[in-house]
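Trainee:
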Amino acid sequence: SVYESVAMSKEKNLAVLAGFCWRYDFQKKGLLERVLEGEIGDVRAVYGTYLTAPVKPMPPASTRPAGMPDLEWMVHNWYNFTWLSGDGLVEQACHTVDWVAWALGDRPPVSCTAVGGRQIPAEGGNIFDHIEINYVWDNDARGFLAQRQIPGCYNENLLTILGTKGTGKIGKRGSTISDLKGNITWKYEGPKPNMYQQEHDEFFASIRSGKFINDGDRMINSTMMALMGRTAGYTGREVTWEEAKNSEVALVPEINNG
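Counted the way our numbering counts, the sequence shown spans residues 711 to 968.
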């Protein structure tokens, strides 16, 4: 249905803004433009991380008010149920998935495998608190992603892009490119506006000018990559792009009208 909606938006010449806000961050955009222009050669591997603490920890079952139905309890604690949040990968680390997709030119991967699980008690929730995904592209390029939401651990949200001529990084020192010997050959030194404001400034400007921004295609691509990664992790299977795209799996509980 989302594919159809995006196609309709193009036919009607409508503006569509996706939530992948890093695409409008000058530092990240400056790096990825150079990568896609070939400055580090052919991209062979990408590694992204989103390692953090739990966003909305599931409270103890003992705090549930007496008589509260299961559905209401789930909605109050939506982050901890896959059918409501998608889980930590799809809800949060999808931004790192989007980085990986961006670095590979927003081309869909052929397949992926993943490992993951639950390290700390979920108190009735059913999302993984860590997952690691391995994507494969048609030219045998690889994308790796590590996501974790566990308290008291090392936190990180970075990206490394390995090319045949050098390395691109979204790191703690900003966006950089280095040669094969590790010497930094480029570092972003330009303005650093707030990416959320920049995103909306560009969106509104596109509407006023009639040159509408439509992020629909890449929104679908990055979101589907996150979904196929989650599916691979939760099932233990290799999942192809076509399987993910054509899946009829529904996570929403069936409605009982009885």
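For every residue, glycine included, the Cβ atom is placed at its ideal position computed from N, Cα and C.
#1: Report the three-state DSSP secondary structure of aspartate 797 (helix, strand or coil).
#2: Can you grab the Cα-Cα spacing for the pair aspartate 927 / lysine 720, in whole Å?
#3: In whole angstroms, give me the CA-to-CA distance for alanine 936 and proline 861.
#4: What residue range does the beta strand (DSSP E) around glutamine 859 cover?
#5: Kindly indicate which three-state DSSP category alanine 813 falls into: helix, strand or coil?
#6: To the nearest angstrom, how far is it from the Cα of glutamate 749 to the Cα of serine 888?
#7: How close, in whole Å, do the beta carbons of glycine 758 and threonine 874 come, if the pair is a contact with beta carbons under 8 Å?
#8: Shortest alpha-carbon distance to alanine 851 belongs to which of Pro818, Ala960, Leu727 and Ala763?
#9: In whole angstroms, what is the alpha-carbon distance linking isoleucine 841 and glutamine 737?
#10: Please classify glycine 729 as buried or exposed, where buried requires at least 16 neighbouring CB atoms within 10 angstroms.
#11: Rounded to whole angstroms, what's the CA-CA distance from phenylalanine 746 to proline 831? Just pull it up for me.
#12: Looking at the strands, I want to know which residues DSSP matches up with asparagine 844.
#13: Could you check how far apart the C-beta atoms of glycine 815 and methionine 768 are, in whole angstroms? I think they sit under 8 Å.
#14: Let me confirm a value: serine 919 is counted as buried when at least 16 other C-beta atoms fall within 10 Å, else exposed. Which label applies?
#15: What does DSSP give as the partner residue(s) for tyrosine 757 in the beta ladder?
#16: For tryptophan 896, list the residues DSSP reports as bridge partners.
#17: For asparagine 924, write down the residues that DSSP places opposite it in a beta bridge.
#18: Give the single residue among Arg858, Gly900, Thr870 and Asn893 whose Cα lies nearest to the Cα of alanine 763.
#19: Suppose you measure from the CA of glutamate 866 to the CA of threonine 773; what does that come to, to the nearest Å?
#20: Between which two residues does the beta strand (DSSP E) containing glycine 878 stretch?
#21: When the Cα atoms are used, what is the spatial distance from asparagine 904 to aspartate 735?
#22: Distance, Cα to Cα, glycine 878 vs cysteine 822?
#23: Would you call the CB atoms of leucine 869 and valine 810 closer than 9 Å?
#24: Taking the C-alpha atoms as reference points, what is the distance between glutamate 782 and glutamate 801?
Mentor: Result, derived from the coordinates:
#1: Here residue 797 refers to the residue found at position 87 of the sequence shown. Correct three-state label for aspartate 797: coil.
#2: Here residue 927 refers to the residue found at position 217 when the sequence shown is read from its first residue. Here residue 720 refers to the residue found at position 10 when the sequence shown is read from its first residue. Distance between the alpha carbons of aspartate 927 and lysine 720 is about 10 Å.
#3: Translated into the one-based positions of the sequence shown, residue 936 becomes position 226. Translated into the one-based positions of the sequence shown, residue 861 becomes position 151. The alpha-carbon of alanine 936 is positioned some 23 Å away from that of proline 861.
#4: For this step, residue 859 is matched to residue 149 along the sequence shown. Element bounds for glutamine 859: 852-859.
#5: Reading the sequence shown from its first residue, position 103 is the one you call residue 813. If DSSP states are grouped into helix, strand and coil, alanine 813 belongs with the helices.
#6: As a position in the sequence shown, residue 749 is number 39, starting the count at 1. As a position in the sequence shown, residue 888 is number 178, starting the count at 1. So the alpha carbons of these two residues sit roughly 10 Å apart.
#7: Along the sequence shown, read from residue 1 onward, the residue named residue 758 stands at position 48. Along the sequence shown, read from residue 1 onward, the residue named residue 874 stands at position 164. Taking 8 Å as the upper bound for CB-CB distance, glycine 758 and threonine 874 are not in contact here, some 19 Å apart.
#8: If you number the sequence shown from 1, residue 851 lands on position 141. Nearest of Pro818, Ala960, Leu727 and Ala763 to alanine 851, Cα basis: Pro818.
#9: In the sequence shown, counting from the first residue as 1, residue 841 sits at position 131. In the sequence shown, counting from the first residue as 1, residue 737 sits at position 27. For isoleucine 841 and glutamine 737, the distance between alpha carbons rounds to 27 Å.
#10: Your numbering for residue 729 matches position 19 in the sequence shown. Glycine 729 should be labelled exposed.
#11: Residue 746 sits at position 36 when you count from the first residue of the sequence shown. Residue 831 sits at position 121 when you count from the first residue of the sequence shown. Looking at the sequence provided, one finds leucine at residue 746 rather than phenylalanine. Looking at the two C-alpha atoms, the distance is approximately 42 Å.
#12: To locate residue 844, count along the sequence shown from 1; it is residue 134. The beta-bridge partner set that DSSP reports for asparagine 844 consists of Thr823 and Phe854.
#13: As a position in the sequence shown, residue 815 is number 105, starting the count at 1. As a position in the sequence shown, residue 768 is number 58, starting the count at 1. Actually they do not touch by this definition, with Cβ atoms about 38 Å apart.
#14: To locate residue 919, count along the sequence shown from 1; it is residue 209. Around the beta carbon of serine 919, fewer than 16 other beta carbons sit within 10 angstroms, so the residue counts as exposed.
#15: On the sequence shown, position 47 is the one that residue 757 refers to. Under DSSP, tyrosine 757 forms a beta bridge with Phe854 and Thr870.
#16: Within the sequence shown, the letter at position 186 stands for residue 896. Under the DSSP definition of a beta bridge, tryptophan 896 partners with Ile887.
#17: Position 214 of the sequence shown, counting from 1, holds the residue named residue 924. Its beta-bridge partners are Val726.
#18: Taking the first residue of the sequence shown as position 1, residue 763 is located at position 53. The candidate whose alpha carbon is nearest that of alanine 763 is Arg858.
#19: Start at 1 with the first residue of the sequence shown, and residue 866 comes out as number 156. Start at 1 with the first residue of the sequence shown, and residue 773 comes out as number 63. Straight-line measurement puts the Cα of threonine 773 at about 32 Å from the Cα of glutamate 866.
#20: Position 168 of the sequence shown, counted from the start, is the residue given in the question as residue 878. Taken as a continuous stretch (DSSP letters only), the beta strand (DSSP E) holding glycine 878 covers 876-881.
#21: The residue labelled residue 904 in the question sits at position 194 within the sequence shown. The residue labelled residue 735 in the question sits at position 25 within the sequence shown. The straight-line gap from Cα to Cα measures roughly 7 Å.
#22: Looking up residue 878 in the sequence shown gives position 168. Looking up residue 822 in the sequence shown gives position 112. If I take the Cα positions, the gap works out to 23 Å.
#23: Position 159 of the sequence shown, counted from the first residue, corresponds to residue 869. Position 100 of the sequence shown, counted from the first residue, corresponds to residue 810. Going by C-beta atoms, leucine 869 is nearer than 9 Å to valine 810.
#24: For the purposes of this step, residue 782 is taken as the residue at position 72 of the sequence shown. For the purposes of this step, residue 801 is taken as the residue at position 91 of the sequence shown. Whole-angstrom Cα-Cα distance: 20 Å.
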